[in-house]
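Here the structure comes first, spelled out in structure tokens, and everything after it is commentary.
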Amino acid sequence: MTVAGMAGAIAMIMSSTIANVAVPTVMGAFGVGQDQAQWLATGFIATMVASQLLNAWFVRALGVRVAFLVINAVFFAGTAIAFFGPSFEMVVLGRVLQGFSAGIVQPMTMGLIFVQFPPNRRGQAMGLHSMGIQIAPMLGPMIGGLIIDTVGWREIFLVPVPICAMAVFLGMLYLPGREEQGALPKFDWLGYSL
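Here the sequence shown is numbered in my numbering, starting from 1 and rising by one per residue.
Structural data, given as structure tokens:
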């Protein structure tokens, strides 16, 4: 159960830095300046930070399994848009969707660890999770550079897909569903905006 969340989180976090090495190539492909090309990273990071605050409501509203599957679907949609995007703006839109997904899946995975592991094992589980979250952004530029040099810049967006696909499969099998069937919880717009 925890492996599903951790695999998805690590793959999505790796996506946060994998496109950084593509900036010069993207500038040439779309004829944009560096100030615009930086939106590949900024769009991802900004929406990742903003969406982290939505995690608790999202999980309460949909349950862990459905929330995880929806978030992965959004990530796959963002990946497809970034990969096939005919314009720079479409590629940035894909990155924004990827960042949104990465922001929700990180705290979701930490919550899963807290619930699934007994108190005496939580530290070890959180340590392994944190190690993956720290290593993933380091691997992104290295893998991205290799892919750009051997295949092309668009293919960098496909790197996390197999890992996320495995996470979806494991999530369908092992993640818990929604506990209570009732009205959707109210969203705290004031708290979110503050």
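Glycine residues also receive a C-beta, built at the ideal position from the N, C-alpha and C atoms.
When the distance is taken between beta carbons, is residue j closer than 8 Å to residue i?
| i | j | result |
| --- | --- | --- |
| I13 | A136 | yes |
| I156 | A19 | yes |
| L112 | V151 | no |
| A22 | G140 | no |
| N72 | G177 | no |
| F100 | V66 | no |
| T25 | W153 | yes |
Excluding sequence positions up to five away, which residues of its chain have a Cβ less than 7 Å from the Cβ of residue i?
| i | result |
| --- | --- |
| A77 | L97 |
| V3 | L170 |
| F187 | W57 |
| L54 | I104 |
Return the first residue and the last residue of the alpha helix (DSSP H) that residue i is part of.
| i | result |
| --- | --- |
| W57 | N55 to L62 |
| P24 | V23 to F30 |
| L139 | P119 to T150 |
| G99 | F88 to Q116 |
| F169 | V161 to Y174 |
| D35 | Q34 to A37 |
| W189 | W189 to S193 |
Looking only at its own chain, which residues have a Cβ that is under 8 Å from the Cβ of residue i, when we skip the five neighbours before and after it?
| i | result |
| --- | --- |
| I81 | M90, V91, L93, G94 and L97 |
| P185 | W57, R60 and A61 |
| I133 | A9, I10, I13 and Q106 |
| M110 | M126 and H129 |
Residue i and residue j look like a contact to me (Cβ under 8 Å); what is the Cβ gap, rounded to whole Å?
| i | j | result |
| --- | --- | --- |
| P162 | S15 | Not really, about 13 Å apart at Cβ, beyond 8 Å. |
| F83 | L173 | In fact, because the Cβ distance is near 27 Å, the residues do not count as touching under 8 Å. |
(message) Within 8 Å, do at least three Cβ pairs link the segment 38-57 to the segment 93-100?
(response) The segment 93-100 vs the segment 38-57: in contact.
(request) Spell out a yes or no on whether the segment 21-33 and the segment 75-89 are touching, meaning 3 or more CB-CB pairs, one atom from each, closer than 8 Å. (result) Flag = yes, the segment 21-33 and the segment 75-89 touch.
(request) Report yes or no: do three or more beta-carbon pairs, one from the segment 105-125 and one from the segment 46-63, lie closer than 8 Å? (result) Between the segment 105-125 and the segment 46-63, the count of Cβ pairs shorter than 8 Å is three or higher; the stretches touch.
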